[in-house]
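Chemist: Reminder that position 321 of the sequence shown reads as 449 in this note's numbering, one-by-one numbering, no gaps.
Cβ atoms here follow ideal geometry from the backbone N, Cα and C, with glycine treated the same way.
The model shown is predicted, which means the values in this text are computed figures rather than measured ones.
Pasting a structure here, questions to come.
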Amino acid sequence: MTRSLLLIGFALAACGPLSEKPLGAGLPKNFLLGAASAPHQIEGGLHNDWSRWEEGSFPDGSPHIRDGSRSAQSARSWELWPQDIAALEELGANSYRLGIEWSRLEPAPGVWNVEAAARYREMLIALRAKGIEPVVTVSHFTLPTWFADQGGWESEEALERFAAHCRRVGLAFGDLVDIWVTLNEPNVYALFSYATGQWPPGVQDMKRATRVYATLLHAHAVAAAALRETDLFDANGDGHATFIGLAHHVSLIQPASSSPLDTAVAAATDDYANESVPRAALTGRVTLRVPGVIEIDEAVPGLKGSFDFLGLNFYYRLHVRADFSSMSLSKLYVPEGHQVSDLGGEVYGDGLYRVLKRYGGYPWPILLTENGIADATDKQRPKFLQDNLRGIERAVAEGVNVGGYFYWSLTDNFEWAEGYGGKFGLYAIDFSEPRRARVARPSSQVFRDAALSANATK
Numbered sequence: 129m130t131r132s133l134l135l136i137g138f139a140l141a142a143c144g145p146l147s148e149k150p151l152g153a154g155l156p157k158n159f160l161l162g163a164a165s166a167p168h169q170i171e172g173g174l175h176n177d178w179s180r181w182e183e184g185s186f187p188d189g190s191p192h193i194r195d196g197s198r199s200a201q202s203a204r205s206w207e208l209w210p211q212d213i214a215a216l217e218e219l220g221a222n223s224y225r226l227g228i229e230w231s232r233l234e235p236a237p238g239v240w241n242v243e244a245a246a247r248y249r250e251m252l253i254a255l256r257a258k259g260i261e262p263v264v265t266v267s268h269f270t271l272p273t274w275f276a277d278q279g280g281w282e283s284e285e286a287l288e289r290f291a292a293h294c295r296r297v298g299l300a301f302g303d304l305v306d307i308w309v310t311l312n313e314p315n316v317y318a319l320f321s322y323a324t325g326q327w328p329p330g331v332q333d334m335k336r337a338t339r340v341y342a343t344l345l346h347a348h349a350v351a352a353a354a355l356r357e358t359d360l361f362d363a364n365g366d367g368h369a370t371f372i373g374l375a376h377h378v379s380l381i382q383p384a385s386s387s388p389l390d391t392a393v394a395a396a397t398d399d400y401a402n403e404s405v406p407r408a409a410l411t412g413r414v415t416l417r418v419p420g421v422i423e424i425d426e427a428v429p430g431l432k433g434s435f436d437f438l439g440l441n442f443y444y445r446l447h448v449r450a451d452f453s454s455m456s457l458s459k460l461y462v463p464e465g466h467q468v469s470d471l472g473g474e475v476y477g478d479g480l481y482r483v484l485k486r487y488g489g490y491p492w493p494i495l496l497t498e499n500g501i502a503d504a505t506d507k508q509r510p511k512f513l514q515d516n517l518r519g520i521e522r523a524v525a526e527g528v529n530v531g532g533y534f535y536w537s538l539t540d541n542f543e544w545a546e547g548y549g550g551k552f553g554l555y556a557i558d559f560s561e562p563r564r565a566r567v568a569r570p571s572s573q574v575f576r577d578a579a580l581s582a583n584a585t586k
């Protein structure tokens, strides 16, 4: 994929109705078709705020992790990463979104772990040798314990610390990486870590959650500047050393009824969760509002112009009704009888297409940095993949500039507070089995066929 192609739009595949083409044939030229992962969820052997959180419990005695499990080994990808690359090759993927773990690279303030950096370099070199474009996430929820103990994203030194880390990352890996995701889902992190208290540090304060949300947009701006300052090497030969965005979690928000109250609450929820990030990147100002709680309207130096792409993570549609007993003033639910995943999210076939049409009006190409389904039996995943890839093809045919799709996830993994309960992988892993063998699910053939068709038409 080249940045210049993304900025001017992709050429479409051969003409003709999409339904008459093999799945994947309607994807654009240079399209990134791959899978995604996060270091804490697959690597194992980590010591950070999350590994510490996993040992604890809530005041009512229930464990922080629903099934009582730990991420200690997870998929063992820190040692078994060649198997992950082999799986990507088998899928026909031409890209892989992976993360680099801050706590592994900087285990103490200012201390750089040379051995860990060398391992990540080994992974990146191997990916490039196989023709697989690495898309690297700098921060995917987890924090070094020392950073968390200093106050995490509420610390006065947070932005300076993160910028320094990003400068070292750019220097260490810039010759191998062009496409950077600075942060994963700032809105989700703020919600679960500071509003509902389900994630570390376990705070339940909507005002603090909103303040952290704003700080994370500042963090993206300083990270983008730091990476552009230090990553000066054009790794993929497209004429640009960096291509930077963040992964923004979006949902389709459906009001429970047409009543003015439900409609107003749904609109406010949609604005806070969905529109705040692209609006901030477009204007250079963070504007966040929770009625009766907090209102933020502030300029963020370096935020305007910091996006080369808009990363979107999309999973489900949310139905919303007014509920003034909730901190968010709303209640989210799935109507009875609607199809759901193993973790209860609605499975909505037209959802991704609708998301692309909505965000296609912004001035950046879109990378679908995550889209997946928890489905242990693999009965829903084949159609899920077909529906979503067809949705991309349809949106592209209608002029939406989509540069890539990353299925979540390559393998089963440690799914945060759900532990090992959510099976998202194209490759199944038996976590009771020490070898952690990667076993292709039948749905992986849908991905493989689409990749073959996409490559055959380019």
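Here's a check: name, in chain order, each residue in its chain whose Cβ is nearer than 7 Å to the Cβ of residue 275, leaving out the five neighbours to either side.
Modeler: So the list reads 289, once near-sequence residues are dropped.
Chemist: Would you check if there are 3 or more beta carbon pairs closer than 8 Å linking the region 480-494 to the region 539-559?
Modeler: As far as the Cβ criterion goes, the region 480-494 does not touch the region 539-559, which means the pair count is below three.
Chemist: Less than 8 Å between the beta carbons of residue 239 and residue 291, yes or no?
Modeler: Not in contact: residue 239 and residue 291 (Cβ atoms no closer than 8 Å).
Chemist: I need the DSSP call for residue 374, collapsed to helix, strand or coil.
Modeler: Looking at residue 374 - three-state DSSP - the assignment turns out to be strand.
Chemist: State whether the region 338-346 contacts the region 462-469, with contact taken as three or more CB pairs (one from each stretch) at a distance under 8 Å.
Modeler: With the cut-off at 8 Å, the region 338-346 and the region 462-469 do not touch.
Chemist: Looking only at C-alpha atoms, which of 366, 303, 243, 418 sits nearest to residue 323?
Modeler: Nearest option by C-alpha distance: 418.
Chemist: Go to residue 298, then tell me how far its alpha helix (DSSP H) extends in each direction, as first and last residue.
Modeler: Its alpha helix (DSSP H) spans residues 286-301.
Chemist: Could you name the residues of the same chain whose beta carbon sits closer than 7 Å to that of residue 325, not counting the 5 residues immediately before and after it, in chain order?
Modeler: Same-chain partners within the cutoff: 331, 332.
Chemist: Could you give the distance in angstroms between the alpha-carbon of residue 566 and the alpha-carbon of residue 390?
Modeler: Looking at the two C-alpha atoms, the distance is approximately 45 Å.
Chemist: Would you mind stating whether residue 461 and residue 523 have Cβ atoms separated by less than 8 Å?
Modeler: Their beta carbons are not under 8 Å apart, which means residue 461 does not touch residue 523 by this criterion.
Chemist: Tell me, please, which residues DSSP counts as bridged to residue 383.
Modeler: Residue 383 pairs with 448.
Chemist: Between the beta-carbon of residue 525 and the beta-carbon of residue 152, is there less than 8 Å?
Modeler: Cβ atoms of residue 525 and residue 152: not closer than 8 Å.
Chemist: What does DSSP give as the partner residues of residue 474 in its beta bridges?
Modeler: 468.
Chemist: According to DSSP, what are the bridge partners of residue 535?
Modeler: The partner list for residue 535 (beta bridge, DSSP) reads 163, 499.
Chemist: Across which residues does DSSP place residue 240 in a beta bridge pair?
Modeler: Residue 240 is not bridged to any residue.
Chemist: Determine, using beta-carbon pairs with one atom in the region 368-380 and one in the region 295-312, whether at least three such pairs fall under 8 Å.
Modeler: Yes, since at least three Cβ pairs between the region 368-380 and the region 295-312 fall closer than 8 Å, the two stretches touch.
Chemist: Use the C-beta contact count for residue 561: other C-beta atoms within 10 angstroms, 16 or more gives buried, fewer gives exposed.
Modeler: Residue 561 should be labelled exposed.
Chemist: Name, in chain order, the residues that DSSP records as bridge partners for residue 459.
Modeler: Looking at the DSSP assignment, residue 459 forms a beta bridge with 449.
Chemist: Locate the alpha helix (DSSP H) running through residue 576, then write down its first and last residues.
Modeler: 572-584 is the extent of the alpha helix (DSSP H) around residue 576.
Chemist: I'd like to confirm the pairing. Which residues does DSSP put opposite residue 505 in its beta bridges?
Modeler: DSSP output for residue 505 lists no bridge partner at all.
Chemist: Excluding the 5 residues flanking residue 259 on each side, which residues of the same chain have their C-beta closer than 7 Å to its C-beta?
Modeler: Closer than 7 Å at Cβ, skipping near neighbours: 222.
Chemist: Per DSSP, residue 225 is paired with what?
Modeler: Paired residue(s): 164, 263.
Chemist: Does the distance from the C-beta atom of residue 162 to that of residue 249 stay below 8 Å?
Modeler: No, Cβ-Cβ distance for residue 162 and residue 249 is not below 8 Å.
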